[in-house]
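Numbering (this note's numbering) for the sequence shown: 157 to 530. Using N, Cα and C, we set each Cβ at its ideal position, and we do this for glycine too. Predicted model, so just to flag it, every value in this text is computed and none were measured.
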Amino acid sequence: MSVQLNKQIIRTTEAFRELKADWHQLLTRIPEHNIFMTWEWMYTWWEVYHARLKNAELRILAYYDQGKLAAVLPYYLYTSHVGPIPLRKMAFLGTQIESSDYLDVISPEDYHPYFRQHLYADLRALAEGADVIEINNCLSESLVFQLFGTPRNGTTFVEPYRVCPYVQLPDSFDAYLKTLSSNFRYNVRRRVRRLLEKEQARLEILDRQEELDTAIKDIFDLHYLRAQQKGLNTKFVREQRLDFHQKMARRLAPRGYIKIFNLIAADGKKIAGLYCFDYNGSLAYFQAGFDPAWSNRSPGTVILAEAIQYAIQQGKSIFDFMRGGEQYKKDWGTVDRYIYLITLPNSFKGQTYLTYYKYRKRMAPVIKKILART
Numbered sequence: 157m158s159v160q161l162n163k164q165i166i167r168t169t170e171a172f173r174e175l176k177a178d179w180h181q182l183l184t185r186i187p188e189h190n191i192f193m194t195w196e197w198m199y200t201w202w203e204v205y206h207a208r209l210k211n212a213e214l215r216i217l218a219y220y221d222q223g224k225l226a227a228v229l230p231y232y233l234y235t236s237h238v239g240p241i242p243l244r245k246m247a248f249l250g251t252q253i254e255s256s257d258y259l260d261v262i263s264p265e266d267y268h269p270y271f272r273q274h275l276y277a278d279l280r281a282l283a284e285g286a287d288v289i290e291i292n293n294c295l296s297e298s299l300v301f302q303l304f305g306t307p308r309n310g311t312t313f314v315e316p317y318r319v320c321p322y323v324q325l326p327d328s329f330d331a332y333l334k335t336l337s338s339n340f341r342y343n344v345r346r347r348v349r350r351l352l353e354k355e356q357a358r359l360e361i362l363d364r365q366e367e368l369d370t371a372i373k374d375i376f377d378l379h380y381l382r383a384q385q386k387g388l389n390t391k392f393v394r395e396q397r398l399d400f401h402q403k404m405a406r407r408l409a410p411r412g413y414i415k416i417f418n419l420i421a422a423d424g425k426k427i428a429g430l431y432c433f434d435y436n437g438s439l440a441y442f443q444a445g446f447d448p449a450w451s452n453r454s455p456g457t458v459i460l461a462e463a464i465q466y467a468i469q470q471g472k473s474i475f476d477f478m479r480g481g482e483q484y485k486k487d488w489g490t491v492d493r494y495i496y497l498i499t500l501p502n503s504f505k506g507q508t509y510l511t512y513y514k515y516r517k518r519m520a521p522v523i524k525k526i527l528a529r530t
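The following block contains the structure:
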């Protein structure tokens, strides 16, 4: 399809806000889009975090076909530092502080031929003043990976960034349990029976806008309690992150995209909470927390089992454990997929940085081995 698209660079928060309705309509034409591509996620991220990032500037490239929004390239600029040296980077919106996965050009497939021909030049033009262009958190099947996943003349650097395990769901929970090891399957059933039947705990599912502020804060609090018990420093408790998730959830809740699963004890106290995104055929597990006083009853296992069963009952095709390769996820029969970071230099300083960065990445395991011997 040969098209001529008109382009507009969105540089102000007000102009970004005004894209909301057109952005919603655009996503209806993209079957494989995800929650991190929504206007609500990206706008709220910019609203909450841009002041925290040094010299942050919006650089959203909006494409129009006969006056109708046809695609979006959602970027911003900020200043990073390599030691004392400042470096201007252009990155996808959402890729600092929060875990925004599965990013790409926001475009219907009809316009992919245009991007195969023009995206490299469009990125370069959009990145005026940047030393480095980062294509963050993209899957290998994404359009941006197809175009930039192979190094260009040895300058582009492509690396696996994070593993994002998921489960392809069958038609019934019993069929799903049969895919797990016999020992783990037995433990799941035993722990669910103990907590829900013997202990008379109950499952609560919240998704109404007026319920979510408190529900999300409760998960933050439970997550913090568990982290303290394990001696961990968890960034999930920062007030700014709570502000982001509450604002974002308020915006997405009317469309049914936020689900909070809670385990409630017989005395009414909250045992555990699971914060999920119910979006486009998948249920994605973003964060969890549970009361350490209940740790010997395995509330984490129970609430995950209940959430997966709910996803199957609702006809979801995917339960997404999202980024992180923790061992417990493998027990649930996950398949690994990776998101990638692609780095393109955009100035002499950027090329120098990329050379240094690649050298440091190559040398890190060597240095680790040397230190392990001393």
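Q) When you compare only the Cα positions, how much space is there between proline 410 and threonine 508? A) 48 Å
Q: Give the secondary structure of proline 240 by DSSP, where H, G and I count as helix, E and B as strand, and everything else as coil.
A: coil
Q) To the nearest angstrom, how far is it from the Cα of isoleucine 495 to the Cα of tyrosine 513? A) 19 Å
Q. Rounded to a whole number of angstroms, what is the C-alpha to C-alpha distance between proline 455 and leucine 249?
A. 35 Å
Q.
I need the boundaries of the beta strand (DSSP E) containing leucine 209, first residue and last residue.
A. Careful: leucine 209 lies outside any beta strand (DSSP E) and carries neither H nor E.
Q: Evaluate isoleucine 241 with the Cβ neighbour count: other Cβ atoms within 10 Å of its Cβ, from every protein chain shown; 16 or more gives buried, anything less gives exposed.
A: exposed
Q: Report all residues from its chain with a CB closer than 6 Å to the CB of valine 393; omit the five preceding and five following residues, and keep chain order.
A: Because the pLDDT at valine 393 is just 48, under 50, the model does not fix this residue reliably, and the value given afterwards should be weighed accordingly. Closer than 6 Å at Cβ, skipping near neighbours: Phe376, Tyr380.
Q: Take aspartate 423 as the anchor and find which of Lys334, Trp195, Arg358, Leu182 has the nearest alpha-carbon.
A: Arg358
Q. When DSSP builds the beta bridges, which residues end up paired with glycine 445?
A. Gly429
**Q.** Cα-Cα separation, arginine 345 to lysine 354
**A.** 13 Å
(Q) Residues in the same chain with beta-carbon distance under 8 Å from threonine 168, minus the five sequence neighbours each way, listed in chain order, please. (A) Leu214
(Q) Is the separation between the beta-carbon of valine 204 and that of lysine 403 shorter than 8 Å? (A) yes
Q. Considering only C-alpha positions, which residue in the set Val238, Leu243, Ile216, Ser236 is nearest to proline 230?
A. Ile216
**Q.** Residues near glycine 305 in its chain [Cβ-Cβ closer than 6 Å; skip 5 each side]
**A.** Val314
Q | Segment contact, 8 Å Cβ cut-off, at least three pairs: the region 325–335 with the region 443–453 | A | no
Q | Option nearest leucine 282 by Cα separation, candidates Met246, Ala226, Lys224, Leu460 | A | Met246
Q | Inter-residue Cα distance where the pair is serine 503 and leucine 439 | A | 41 Å
Q | Beta-carbon contacts of lysine 176 that lie in its chain and below 6 Å, excluding the five residues immediately before and after | A | Trp195
Q: Would you kindly report the start and end of the unbroken beta strand (DSSP E) that includes glutamine 483?
A: From DSSP, glutamine 483 is part of no beta strand (DSSP E) but of the alpha helix (DSSP H) over 483–487.
(Q) Rounding to the nearest angstrom, what Cα-Cα distance links methionine 198 and glutamine 470 in this structure? (A) 27 Å
Q: Round the Cβ separation of leucine 259 and asparagine 293 to the nearest angstrom and send it over; I've been treating them as touching at under 8 Å.
A: 5 Å
Q | Pairwise C-alpha distance: histidine 401 and proline 326 | A | 31 Å
Q: Could I get the ranges of all uninterrupted alpha helix (DSSP H) runs contained in the region 307–360, with 4 residues as the minimum, in chain order?
A: 329–333, 338–349
Q) Given that a residue counts as buried once 16 or more other Cβ atoms are within 10 Å of its Cβ, and exposed if not, what is tyrosine 466? A) buried
Q | Reference tyrosine 431; option with closest CA among Tyr441, Gln302, Ile498 | A | Tyr441
**Q.** When Arg185, Ala227, Lys505 are compared against asparagine 162, the one with the closest alpha-carbon
**A.** Ala227
Q) Near isoleucine 464, which residues of its chain fall below 6 Å by C-beta distance, leaving aside the five closest residues on each side in sequence? A) Phe475
Q | tyrosine 317 to leucine 497 span [Cα, whole Å] | A | 6 Å
Q: Give the DSSP-derived three-state secondary structure of isoleucine 253 in the structure shown.
A: coil
Q) With distances taken from CA atoms, which of Asn436, Phe477, Ser338, Asn452 is nearest proline 187? A) Asn436
**Q.** Candidates Arg407, Asp399, Gln396, Asp363, of which the one nearest phenylalanine 417 by Cα
**A.** Asp363
Q) If you run the structure through DSSP and keep just helix, strand and coil, what is threonine 235? A) strand
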